[in-house]
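**Student:**
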Amino acid sequence: MKNTEFCIDKYMTDGHLSNIAIRVGKGDRVLFDLYRSKDKEIDETTLFDMASVTKIIVTTTLSFIAKDKGLLSFDTPVSAFFPVPEDKKEMTVKNLLTHTMGIGHKWLMGENNNDNIAKYILSIPSDKPIGTEVMYSCPGYILLGKIVEKVFGKRLDEAFYELVKKPLELNDTSFLPDKEKNLVNSNVKDEKKGIVNDMNCRHLGGVAGNAGLFSDITDVTKYVKMLLDYGAPIIKRETFCEAIKNYTKEMSASRGLGFLYVDERYNQTGKLFPTGSIGHCGHTGQSVFVDIKGGLYVIILSDATISTVKKYGYEDYSTVMKMREDIHNAIKADID
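With the numbering used here, letter number 94 in the sequence shown gets 94, and the count goes up by one each step, no holes.
#1: Throw me the rounded Cβ distance for the Ser63 and Ala211 pair, which I believe falls under 8 Å.
#2: Strictly by DSSP, which residues pair up with Gly70?
#3: Using 8 Å as the threshold, is the C-beta distance between Tyr223 and Ile57 below it?
#4: Alpha carbon to alpha carbon, how far is Asp219 from Glu86?
#5: Check whether the Cβ atoms of His328 and Thr269 sit closer than 8 Å, and answer yes or no.
#6: Taking 7 Å as the limit between beta carbons, can you name the residues of its chain near Thr54, skipping five residues before and five after?
#7: Counting Cβ pairs closer than 8 Å, one from the stretch 226 to 245 and one from the stretch 39 to 47, do we hit at least three?
#8: Give, in chain order, every unbroken run of the alpha helix (DSSP H) that is at least 4 residues long and sits entirely within the stretch 224 to 262.
#9: By the 10 Å Cβ neighbour count, where 16 or more other Cβ atoms means buried, how is Asn171 classified, buried or exposed?
#10: DSSP on Arg324, reduced to helix/strand/coil?
#11: Taking only runs of the alpha helix (DSSP H) that begin and end inside the stretch 54 to 98, which ones reach a length of at least 4 residues, in chain order?
#12: Taking the Cβ atom as the reference point for each residue, do Asn200 and Ile306 lie within a distance shorter than 8 Å?
#13: Let me check understanding here. Comparing Cα to Cα, which of Lys106, Leu163, Ile300, Thr173 lies closest to Leu143?
#14: Pick helix, strand or coil for Asp39, following the three-state DSSP scheme.
#15: Alpha carbon to alpha carbon, how far is Asp291 from Tyr247? Give it in angstroms, no decimals.
#16: Going by Cα to Cα distance, which pick from Val184, Val24, Met323, Met101 is closest to Thr46?
#17: Does the beta-carbon of Tyr11 have 16 or more other beta-carbons within 10 angstroms, so that it is buried, or is it exposed?
#18: Quick check on this structure: which residue in His203, Leu97, Asp303, Lys128 has the alpha carbon closest to the alpha carbon of Ile117?
#19: Ordered along the chain, which non-local residues of its own chain (more than five positions away) have a Cβ less than 7 Å from that of Ala243?
#20: In terms of alpha-carbon separation, which member of Ser318, Asp334, Ala304, Glu325 lies closest to Thr13?
#21: Output needed for Asp206: all residues of its chain with C-beta closer than 8 Å, excluding positions within five of it in sequence on either side, in chain order.
#22: What is the residue span of the beta strand (DSSP E) that Phe214 lies within?
#23: Which residues in the same chain have their Cβ closer than 6 Å to the Cβ of Ile22, if we skip the five residues on either side of it in sequence?
#24: If you follow the beta strand (DSSP E) that His16 is part of, which residue opens it and which one closes it?
#25: Are the CB atoms of Val134 and His99 within a distance shorter than 8 Å?
#26: Might you give, ordered along the chain, the residues of its own chain that have their beta carbon closer than 6 Å to the beta carbon of Ala330, omitting 5 neighbours on each side?
#27: I'd like to know whether the C-beta atoms of Leu168 and Met226 end up nearer to each other than 8 Å.
#28: Could you name each continuous alpha helix (DSSP H) segment of 4 residues or more that falls completely within the stretch 107 to 193, going from the start of the chain to the end?
#29: Using CA coordinates, which residue listed in Gly294, Gly15, Thr76 is at the minimum distance from Leu96?
#30: Taking the Cβ atom as the reference point for each residue, do Lys179 and Leu272 lie within a distance shorter than 8 Å?
#31: Tell me the residue span of the beta strand (DSSP E) that contains Tyr312.
#32: Which residue's Cα is closest to the Cα of Gly295: Arg29, Leu17, Gly15?
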């Protein structure tokens, strides 16, 4: 793993990283782990702010379970759950899962709260016609989280605990973590340690469909092994196979249902993952990618984004994206 070590050491020396945990595995085997920190002990139980990886571990997974229980279908209109304006009548659960709802990134703070956030999101004017373009959408996933809450009749974190965390035996993964645990801070100020970095999620109390989950290498590995088992034991194989197709190949980015779909247009997995691999990134510096057919997976947990803020005084997410590409290519060199 000398290439991966060299790559990480360079990003650490350049000030683009302060803490990172990496696991590379194939099937049931862990090929290697790597842990680096400038000022603390990092291991397989260190918690990181998962940011948008929450979307797949929590909200996507729960929507699949809801489908399997007959509580929704991917083609169910959003209007089945919430009143919608005329221009949103055609919006479906599938549009939310594929980021084709027509509404991109928005700041949702202000007078909005958990009681009215769905109504507010549905009132936002569309940036594009529904179903015509991929526009990565945290509002869409917050709305999907509210649909999940509605169909299960309980708060998102409670549904996650009962239907995902317990059956997969995830020991330390949670929203609103205990701040006394071994946590990596994804915020500039020390007193914000253990508080979700995503401002929309933070405004909603730290529990939302787009972000808020904290997890570690051990638990994310258990989630990945569920993916490698085509959803077993919590998702039906038929549903899982439906989810990992490319639904937006004629659009600007490729998306499965909930998952990012790797193809020749996607750079952040470097040359390591073949077309058809799936995964997701988290804005704080996380990523999880899996080659379902080949069995290879890579988990990267880091504080890369906030490290760029500390280095430059502003966020340089392009460096974080390049870091992922470089790490995946270094891993390929080591495996080869």
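We treat Cβ as the ideally placed atom computed from N, Cα and C, and that holds for glycine.
**Tutor:** This is what the structure gives:
#1: Contact flag wrong, Cβ pair sits at about 16 Å.
#2: DSSP, once it has assigned bridges, lists no residue as partnering Gly70.
#3: yes
#4: 42 Å
#5: yes
#6: Asn210, Ala211, Gly212, Leu213
#7: no
#8: 237 to 243
#9: exposed
#10: helix
#11: 61 to 68, 93 to 97
#12: no
#13: Lys106
#14: coil
#15: 18 Å
#16: Val184
#17: buried
#18: His203
#19: Phe64, Gly256, Leu257, Gly258, Phe259
#20: Ala304
#21: The residue you asked about is not Asp; residue 206 is Gly in the sequence shown. Counting only Cβ-Cβ distances below 8 Å, and skipping sequence neighbours, we find Phe175, Leu176, Ile195, Val196, Gly212.
#22: 213 to 215
#23: Leu34, Ile300
#24: Looking at the DSSP string, His16 is not in any beta strand (DSSP E), and its letter there is neither H nor E.
#25: yes
#26: Asn3, Thr4, Cys7
#27: yes
#28: 117 to 123, 138 to 152, 156 to 160
#29: Thr76
#30: no
#31: Unbroken run through Tyr312 is the alpha helix (DSSP H), 304 to 312; no beta strand (DSSP E).
#32: Arg29
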